[in-house]
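In my numbering, the protein residues as written are 5 to 115.
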Amino acid sequence: MARRKRRANTLTDKHGFNRATPDADVWNVAAEARIAEDMAKKDGAIEVEGRVIEPLPNAMFRIELENGHKVLAHISGKMRQHYIRILPEDRVVVELSPYDLGRGRIVYRYK
């Protein structure tokens, strides 16, 4: 019989899938920590809540923050991938960059 080559750098190998256990679906703790680290928030990003005032072209939105300031924000990539629609008057969470507090990224839409 011909043996199959094992692909290196598959998702499971990269994140430490534990193949030595009898149950192949068990993740080890180190793998979970690495995945959580990969998905961590951007360093220095400030998360604030706001309300969508008006939609603008190119998936941009004018957001009024809780403190009364108005910022320009775009939709995050994951929200775009999952076709999450944002409408006027929606409550959202915006990540603001510490370098430019007038622009941000919408990371969550409240239901």
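The beta-carbon is built from N, C-alpha and C at its ideal position, and this holds for glycine as well.
Keep in mind the model is a prediction, meaning the values are calculated, not measured.
Within the same chain, Cβ atoms closer than 7 Å to the Cβ of residue 95 are found at 53, 55, 114, the five residues on either side in sequence being excluded. When the alpha-carbon of residue 92 is set against those of 72, 78, 50, 59, the nearest one is in 59. DSSP lists no bridge partner for residue 115. DSSP places residue 55 outside any alpha helix (DSSP H); the residue lies instead in the beta strand (DSSP E), whose first and last residues are 50-60.
In the three-state scheme derived from DSSP, where H, G and I count as helix and E and B as strand, residue 66 is classed as strand. Going by C-alpha positions, residue 99 is about 5 Å away from residue 50.
With distances taken between CA atoms, residue 61 lies nearest to 78 out of 105, 78, 88, 87.
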